[in-house]
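In order, the protein sequences belong to chains E and Y. Quick note: the first sequence, position 21, residue 21 per the working numbering, numbers continuous. Quick note: the second sequence, position 87, residue 370 per the working numbering, numbers continuous. From the three backbone atoms N, C-alpha and C, an ideal C-beta is built for every residue, glycine too. I have placed the structure first, in the form of structure tokens, so that the comments after it can refer back to it.
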Amino acid sequence: MKRKKWIIATMLPIYLFTILFVICPMIYMVVLSFMSRAEVWGVVSVFTLDNYRKILEPLYLNTFRESLQLAFTSTAVIILIGYPFGYYMGQLNEKWKKRMMLLIMIPFWTSSLIRLYGWIIMFRSNGVLDMVLMGLGITEKPLKLLYSYPAVATGMVYALLPFMILSVYSSVEKMDWNLVEAARDLGASGMKAFWTVTFPLTLPGLFSGIILTFIPSMGLFFIADILGGNKIVLVGSVIQEQLTKGRNLPFAAALSVILMVLTSLLIRLYRKLFHTKEIEGLV
Amino acid sequence: MKKKRKFPYIYIGLVTILMYIPIIVTVVYSFNASKISSVWGGFSLTWYEALWKDREIKEALWNSIVLALSSCTLAVFIGTLGAVGMSKTTSKFNDLISYLATLPLMIPEIILGMVFLALFSAMGLPFGMPTLILAHTTFCIPYLFIMVSARLIGMDKSLEEAARDLGATQVRTFFDIILPQLVPAILSGVLLSFAMSFDDVVISIFVTGPKVNLLPIKIYTKLKTGITPEINALATIMLAVTILFVLLSRLIGRKSANQ
Chain E
1 MKRKKWIIAT MLPIYLFTIL FVICPMIYMV VLSFMSRAEV WGVVSVFTLD
51 NYRKILEPLY LNTFRESLQL AFTSTAVIIL IGYPFGYYMG QLNEKWKKRM
101 MLLIMIPFWT SSLIRLYGWI IMFRSNGVLD MVLMGLGITE KPLKLLYSYP
151 AVATGMVYAL LPFMILSVYS SVEKMDWNLV EAARDLGASG MKAFWTVTFP
201 LTLPGLFSGI ILTFIPSMGL FFIADILGGN KIVLVGSVIQ EQLTKGRNLP
251 FAAALSVILM VLTSLLIRLY RKLFHTKEIE GLV
Chain Y
284 MKKKRKFPYI YIGLVTILMY IPIIVTVVYS FNASKISSVW GGFSLTWYEA
334 LWKDREIKEA LWNSIVLALS SCTLAVFIGT LGAVGMSKTT SKFNDLISYL
384 ATLPLMIPEI ILGMVFLALF SAMGLPFGMP TLILAHTTFC IPYLFIMVSA
434 RLIGMDKSLE EAARDLGATQ VRTFFDIILP QLVPAILSGV LLSFAMSFDD
484 VVISIFVTGP KVNLLPIKIY TKLKTGITPE INALATIMLA VTILFVLLSR
534 LIGRKSANQ
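Shown next, in the form of structure tokens:
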């Protein structure tokens, strides 16, 4: 009996913390999204659906559309670059696997702001990229890439690529290569063996990579802010604006609820498809 | 005979170079004497000197370190104890809580920032270091919890049973047998959560107070307003620290693998 008490005591902090700072805030967020805002700052507990109705206004609907579009574009590019990378990386020998891991961990651990900063130097007019391109005679005038859609997309891809690489890599690592060999022995071409054996087996990694890149790319407002100026507005940017400038907490909550619903749908889908609780390559 | 193909190596090499170009550019220009970042004005350490004299940056750096250290320490206690406790009991609440405790890793940071802002203002907490620590601890716990849980699953139970059979108390067994085996997992969790806390902008921006300056927020506002090469110098130093961190975690990883 005494043993039981001791163990319960060890779990108490994590139970308390999770209830207080994960469950409570989430519930409060949902409640908040149905409340009205007060005149100046704060909320009044009057039930309303106005916050959700407001999202349907063309202005905000458009933001959602643009945000999703950017998320789709960046995720597609991330898959195209990251999947082959993770796939090839998983086939290197042990020594090189470790070296590559190190090379990927360094940008991954470096402050994302600092990595963005490098792109500012590259993209600004008469910046490094312009100098190189004009020096090679490919372009004549500065491209004015900074504060444009491609700049923001590049920033997103760059910031989130490591997540995809690591997820796919961990999937490839776990794969049983004998299966591929068996397929080859039975006469499948390299292409066929890849699409019928390797690809389905690495699908969990690919999908968890999508979760880890698609969702953040709607929320990372500082990338849109720094590389896109005021031109590209994400759902994340609107939430931030509503909290800091608009002082409209309920509306920000409603937007967050929508984003949260999207997130949980994707995670659910992942669990349904692959019958697993853990998201590949998360830590 | 397996044919050696060159394409994978070329591909990996090219993408890696692309990944490093912005970083290299930043480092190179931190030694640029000219203030205009596209013109090379010769080698100089001016910007490092300017950085050294910048009191605001130093204060922000200090705050960020204090914040990351406090949140990590709290997360170590909560995460490790929780993982150990849950490994010894079976309850359906355990599954639920461990899912919810790791939720902060999966949901967009902006939502976390938003809900913390809402919660703390509803609780009437004054915004500043305490609110920052609470928020950061929440997203540091999952790293520790996941790392330690994973280690506990792979651990040899017979040592622990032997200690108990020989009459060691539960507490003694924990400190003498379990904890030493958990050290590498805890250390890698600490390194990861320290890096995440030190780097966080999105959540901090919402829960910081008017008096607390943090390094990532400082960099963010500087990037939004005017860009000075001082930031390059700062970036280079932070990069060096990161590399040191990564190497350190590799060393810990290797040590634990040897055990």
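Query raised in the report: Closer than 9 Å, CB to CB, is Y/Pro-305 near chain E or not?
Result: Answer yes: the Cβ-Cβ gap between Y/Pro-305 and chain E drops below 9 Å somewhere.
Query raised in the report: Which ranges would you report for the alpha helix (DSSP H) in the region 26-61 of chain E if only whole runs of at least 4 residues count?
Result: 50-55
Query raised in the report: chain E partners of Y/Lys-507, CB-CB under 7 Å?
Result: Asp-225 and Ile-226
Query raised in the report: Is any beta-carbon of chain E found at less than 9 Å from that of Y/Ile-393?
Result: yes
Query raised in the report: Under a Cβ-count criterion, where at least 16 other Cβ atoms within 10 Å of its own Cβ denotes burial, should E/His-275 be classed as buried or exposed?
Result: exposed
Query raised in the report: If you draw a straight line from the C-alpha of Y/Arg-434 to the C-alpha of Y/Lys-371, how long is it?
Result: 14 Å
Query raised in the report: Of all the CB atoms in chain Y, is at least one closer than 9 Å to the CB of E/Val-44?
Result: no
Query raised in the report: chain Y partners of E/Tyr-15, CB-CB under 7 Å?
Result: Ile-380
Query raised in the report: Between Y/Leu-388 and Y/Phe-428, what straight-line distance do the alpha-carbon atoms span, to the nearest angstrom?
Result: 12 Å
Query raised in the report: Taking just the CA atoms, how far does Y/Val-310 sit from E/Thr-18?
Result: Each residue's alpha carbon lies about 41 Å from the other.
Query raised in the report: For the alpha helix (DSSP H) that Y/Ser-374 lies in, which residues bound it at each end?
Result: First-last for Y/Ser-374: undefined, no H or E at that position.
Query raised in the report: Comparing alpha-carbon positions, which option in E/Pro-150, E/Ile-232, E/Ser-208 and E/Arg-184 lies nearest E/Val-197?
Result: E/Arg-184
Query - Member of E/Leu-161, E/Glu-173 and E/Tyr-87 whose CA lies at the smallest distance from the CA of Y/Met-302 - result: Looking at the Cα atoms, E/Leu-161 is the closest of the given residues.
Query raised in the report: Checking contacts by CB at 9 Å: is Y/Met-284 closer than that to chain E?
Result: Since pLDDT at Y/Met-284 reaches only 38, below the 50 mark, its modelled position is unreliable, and the value read off the structure follows with that caveat. Cβ-Cβ to chain E under 9 Å: no for Y/Met-284.
Query raised in the report: If we call anything under 9 Å between Cβ atoms a contact, is E/Val-157 one with E/Ile-232?
Result: no
Query raised in the report: Any chance the region 446-462 of chain Y sits against the region 511-520 of chain Y, with 3 or more Cβ pairs inside 8 Å?
Result: They do not touch, by the three-pair rule.
Query raised in the report: In chain Y, which residues lie less than 7 Å from E/Thr-18 when you measure between Cβ atoms?
Result: Ile-380, Leu-383 and Ala-384
Report task. Report yes or no: is there a C-beta of chain Y within less than 9 Å of the C-beta of E/Gly-294? Result -> Here chain E comprises residues numbered 1 to 283, so residue 294 of chain E is not present and cannot be evaluated.
Query raised in the report: Where E/Trp-6 and Y/Ile-469 are concerned, what is the direct C-alpha to C-alpha distance, given to the nearest angstrom?
Result: 21 Å
Query - Proximal residues, the region 391-423 of chain Y versus chain E, C-beta separation under 7 Å - result: Pro-391, Glu-392, Ile-393, Ile-394, Met-397, Val-398, Phe-399, Leu-400, Ala-401, Leu-402, Ala-405, Leu-417 and Thr-421
Query raised in the report: For the region 167-200 of chain E, which segments carrying the beta strand (DSSP E) assignment without a break, of at least 3 residues, lie completely within its bounds, in sequence order?
Result: Within the region 167-200 of chain E, no complete beta strand (DSSP E) run reaches 3 residues.
Query raised in the report: Expressed to the nearest angstrom, what Euclidean distance is found between the alpha-carbon atoms of Y/Tyr-503 and Y/Ser-487?
Result: 11 Å
Report task. Could you check the C-alpha separation between E/Met-89 and E/Lys-4 for me, to the nearest Å? Result -> 47 Å
Query - Three CB pairs or more closer than 8 Å across the region 488-496 of chain Y and the region 432-447 of chain Y - result: no
Query raised in the report: Looking at the structure shown, is E/Asn-126 part of a helix, part of a strand, or coil, going by DSSP?
Result: coil
Query raised in the report: Going along chain Y in order, which residues have a C-beta closer than 9 Å to the C-beta of E/Ala-253?
Result: Met-397, Val-398 and Ala-401
Requested in this report: Specify whether the region 75-88 of chain E and the region 250-266 of chain E touch according to this definition: at least 3 beta carbon pairs, one from each stretch, less than 8 Å apart.
Outcome: With contact defined as three or more Cβ pairs closer than 8 Å, the region 75-88 of chain E and the region 250-266 of chain E are not in contact.
Requested in this report: Would you mind stating whether E/Met-164 and E/Leu-201 have Cβ atoms separated by less than 9 Å?
Outcome: no
**Report entry** Option in Y/Leu-474, Y/Ser-471, Y/Pro-291 and Y/Leu-506 with minimal Cα separation from Y/His-484
**Finding:** Residue identity differs from the one stated: residue 484 of chain Y is Val in this sequence, not His. Comparing Cα positions, the closest option is Y/Leu-506.
Query raised in the report: Hey, does E/Trp-195 have any beta-carbon neighbour from chain Y nearer than 9 Å?
Result: no
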